[in-house]
Structures are given as C-alpha cells and as structure tokens.
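This report concerns only the one structure given below.
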Amino acid sequence: MEQTQDYDDNLVTLLEALWGDGYLSPGGNDETAMVLQQMHLGGARVLDLGCGTGGSACFIAQEYDPAEVVGVDVEAGVVAKATANAADAGVADRVTFLAIEPGPLPFPDGRFDVVFSKDAIVHIPDKHALARELFRVLAPGGVFAASDWMAGSDEPPSPALRHYEALEGLGFGLASPDVYFAALRAAGFQQISYRDRTPWLCDKTHHELDELDGRLRPALEASVGREFLDHEVDVWRALRDVLDTAELGAGHWRAVRP
Ligand SMILES: C[S@@+](CC[C@H](N)C(=O)[O-])C[C@H]1O[C@@H](n2cnc3c(N)ncnc32)[C@H](O)[C@@H]1O
C-alpha cells in the first residue's frame with residue numbers, strides 16, 4: 186500500500202478554495218452525508234481513512250453523535266491542519282487525527298464500528314490488501330462506507346487517462362468497480378453495494394474548471410502563484426476529458442462485516 190503524492194500547502198489551498206474548508210475532495214458535507222445515508226452512528230467508533238484536512242471527520246462528530254472519530258492520513262501536514270480544524274470546530278474531545286505509514290493499519294482487530302473514507306482509497310494500489318485490513322479493524326456487524334474515484338473499466342488506460350495521471354502526479358491507484366467488488370468479497374464483506382456518482386462529478390468538474398480559470402483566478406494567483414494555478418487548470422482540463430468519456434468515474438461503496 187504505497188502512496189507517492191504530496192498534498193502540499195499550495196494544493197491544499199487550491200482544493201479547499203474549490204471544495205470548502207476541510208475538504209480535499211468534491212461535494213463537502215453533502216457528499217459525506219450521502220455516503221452515510223440511513224446509517225445510525227450514535228455511539229459508534231468511526232475511522233476516517235485518508236482524512237485529509239478533516240472536514241468529514243468534524244462533520245461526522247458534529248452531526249452523528251459518534252463515540253469517537255479517528256482520522257488517519259499518510260501526510261503529516263494535512264493531519265496537523267485537520268487537528269487545528271477540529272479544535273476550531275469545537276470537536277477535539279471526540280475527534281483525533283493520526284499520521285500513519287502506508288500499509289497495515291495501526292489498530293487492533295475489531296477496533297471500529299464504521300470505517301468511512303472519502304476519495305482516498307484511489308491512492309492505495311492494492312485494493313485486496315486494503316479490504317482485508319478494513320475487515321480486520323471492523324467489529325462484527327461493522328460497516329464500510331466510502332466514496333472513491335474509480336476507473337471506468339479494466340481496459341489499459343487511454344492516452345487521455347495517462348495524460349491526466351501524469352499531470353496530476355498524485356500516485357493514483359485507479360481500479361474499476363469490479364476490482365473493488367472482488368476485493369471486498371474476497372475479504373469477507375457482505376451486502377456490498379455501489380452507487381455511481383460519475384455524472385455528478387462530471388458536471389461538477391466542468392463548473393470547477395470555469396471557476397478556476399475565472400472567478401477564483403485572481404485570489405488563487407495571489408495565494409498559490411500563477412505557474413501552479415496554470416498547471417492545475419491543465420489538470421482540470423485533463424480530468425474533464427476523462428470524465429466526459431467515463432474512463433474515470435466516482436461512486437459510493439457500502440459493505441458489511443458479518
Ligand atoms: C483526495 S484526498 C481526500 C481527503 C479527505 N478524505 C477529503 O475528502 O477531503 C486523499 C487523501 O488520502 C490520503 N492518502 C493517500 N494514501 C493514503 C494511505 N495509504 N492511507 C491513508 N491515507 C492516504 C492523502 O494524503 C489525502 O489526504
């Protein structure tokens with residue numbers, strides 16, 4: 186489970202300008218709520234895998250009355266920001282963040298009732314090893330609920346997708362829904378379901394490209410610099426192109442550990 190990307194200060198500034206404070210992925214609290222739809226988290230011990238700057242973890246603590254939320258991420262910089270955000274949000278008594286190494290999760294068996302994750306598993310190439318870890322750290326009856334960016338199929342990537350991945354430079358480990366289903370099933374999960382969010386992400390990305398290259402440009406140029414912003418506009422164009430063909434997509438996962 187290696188990862189190679191770097192969510193540095195400039196990228197965090199740009200992503201939070203687009204997606205809201207505490208979010209390095211699209212959709213904010215609404216999308217977090219949709220991932221958790223019809224789940225009751227009262228008193229639950231929740232893990233947020235790949236927590237970024239902590240938007241989802243803080244929202245869960247504020248809205249769902251869990252016993253605790255533990256956010257983990259491989260980037261110490263985002264973990265520090267998440268910790269500050271939890272203090273600002275007044276939830277530091279129930280939310281903790283931890284910088285971890287890629288690989289096996291540093292928790293005992295059955296430590297959590299819910300594993301939540303938002304758009305982070307895409308960075309973890311070995312879905313089978315990850316699914317085994319998710320199963321292990323969940324208590325019996327525990328639920329895995331996540332959103333993620335997905336490959337549209339298992340075909341070799343087109344030049345457009347290779348271009349996007351090279352520009353993005355975030356060490357993507359894209360896989361198709363079939364791979365996720367197989368990994369979750371092999372790990373022992375049951376009641377596995379997937380909801381496609383590709384049309385939503387596609388529309389949103391078109392709008393974001395207009396924002397990045399329009400309304401947000403003056404403020405972002407001042408904070409992250411013109412060269413970095415121009416590069417990110419190129420990333421967004423490449424992203425739009427692979428979403429338009431559905432070679433890249435997104436969706437929500439739910440699975441239960443029996
Ligand atoms: C697109 S961001 C999403 C962050 C957050 N979940 C959100 O929605 O704002 C992906 C996050 O996954 C983290 N990540 C990448 N590889 C990881 C791994 N092996 N274990 C845990 N987190 C990882 C990255 O550092 C980054 O913060």
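For the numbering used here, add 185 to where a residue sits in the sequence shown, where the first one is 1. Using N, Cα and C, we set each Cβ at its ideal position, and we do this for glycine too. Source: prediction; values computed, not measured.
- Item | One or two residues paired with Glu-253 in a DSSP bridge | Sequence index remark: in the sequence shown, residue 253 carries index 68 (1-based). Paired residue(s): Arg-230.
- Kindly indicate which three-state DSSP category Arg-382 falls into: helix, strand or coil? Along the sequence shown, one-based indexing puts residue 382 at 197. Arg-382 falls in the coil class under three-state DSSP.
- Query: Say the cut is 6 Å; is the CB of Gly-235 nearer than that to a heavy atom of ligand 1?
  - Reply: Within the sequence shown, numbered from 1, the residue matching residue 235 stands at position 50. At least one heavy atom of ligand 1 lies closer than 6 Å to the C-beta of Gly-235.
- Query: Are the beta-carbon atoms of Arg-230 and Glu-248 separated by less than 7 Å?
  - Reply: In the sequence shown, counting from the first residue as 1, residue 230 sits at position 45. In the sequence shown, counting from the first residue as 1, residue 248 sits at position 63. Taking 7 Å as the Cβ cut-off, Arg-230 and Glu-248 do not qualify as a contacting pair.
- What residue from Leu-283, Val-420 and Ala-274 has the CA that sits closest to Gly-262's CA? Residue mapping note: residue 262 aligns to position 77 of the sequence shown, counting from 1. The option with the nearest alpha carbon to Gly-262 is Leu-283.
- Item | Leu-209 CB to nearest heavy atom of ligand 1 below 6 Å | Within the sequence shown, the letter at position 24 stands for residue 209. Because some heavy atom of ligand 1 lies under 6 Å away, the Cβ of Leu-209 counts as near it: yes.
- Item | Element boundaries [alpha helix (DSSP H), containing Gly-262] | Translated into the one-based positions of the sequence shown, residue 262 becomes position 77. Where Gly-262 is concerned, the enclosing alpha helix (DSSP H) starts and stops at 261–274.
- Message: In this structure, how does DSSP classify Met-186 when only helix, strand and coil are distinguished?
- Response: What you label residue 186 is simply residue 1 of the sequence shown in a count that begins at 1. At Met-186 the pLDDT is 37, less than 50, meaning the model places this residue with poor confidence and gives no usable figure here.
- Task: Kindly indicate which three-state DSSP category Asp-139 falls into: helix, strand or coil?
- Result: Any question about residue 139 goes unanswered here, given that the chain covers just 186 to 443.
- Task: Give the straight-line distance between the Cα atoms of Leu-412 and Asp-294, rounded to the nearest whole angstrom.
- Result: Stepping through the sequence shown from its first residue, residue 412 is reached at position 227. Stepping through the sequence shown from its first residue, residue 294 is reached at position 109. The sequence given here has Glu at residue 412, not Leu. When the Cα atoms are used, Glu-412 and Asp-294 turn out to be separated by approximately 46 Å.
- If you measure from the CB of Val-179, is any heavy atom of ligand 1 nearer than 6 Å? As shown, the chain starts at 186 and ends at 443. That puts residue 179 outside it, with no answer to give.
- Say the cut is 6 Å; is the CB of Lys-266 nearer than that to a heavy atom of ligand 2? The model depicted lacks ligand 2 and carries ligand 1 instead.
- Query: Where in the stretch 307–364 do unbroken runs of the alpha helix (DSSP H), each at least 4 residues long, occur, reported from the N-terminal end onward?
  - Reply: Within the stretch 307–364, the complete alpha helix (DSSP H) runs of at least 4 residues fall at 312–322 and 344–353.
- Message: At the level of alpha carbons, what is the spacing between Asn-214 and Phe-244?
- Response: Here residue 214 corresponds to residue number 29 of the sequence shown, with the count starting at 1. Here residue 244 corresponds to residue number 59 of the sequence shown, with the count starting at 1. Taking the straight line joining both Cα atoms gives about 7 Å.
- Kindly examine ligand 1 and report whether one of its heavy atoms sits closer than 6 Å to the Cβ of Ala-305. Locating residue 305 in the sequence shown gives position 120, where the first residue counts as 1. Flag set: Cβ of Ala-305 near ligand 1.
- Query: What residues are listed by DSSP as bridge partners for Thr-281?
  - Reply: The count along the sequence shown starts at 1 and reaches residue 281 at position 96. Val-255.
- Task: Following the continuous beta strand (DSSP E) through Phe-301, name the residue where it begins and the one where it ends.
- Result: For this step, residue 301 is matched to residue 116 along the sequence shown. From DSSP, the beta strand (DSSP E) with Phe-301 extends over 297–303.
- Alpha-carbon spacing of Glu-216 relative to Pro-344, whole angstroms: Residue mapping note: residue 216 aligns to position 31 of the sequence shown, counting from 1. Residue mapping note: residue 344 aligns to position 159 of the sequence shown, counting from 1. Taken atom to atom, the span from the alpha-carbon of Glu-216 to that of Pro-344 is near 30 Å.
- So is Ala-272 buried or exposed if we call it buried at 16+ other beta carbons inside 10 Å? Locating residue 272 in the sequence shown gives position 87, counting from the first residue. Burial state of Ala-272 is exposed, judged by a 10 Å Cβ sphere holding fewer than 16 other Cβ atoms.
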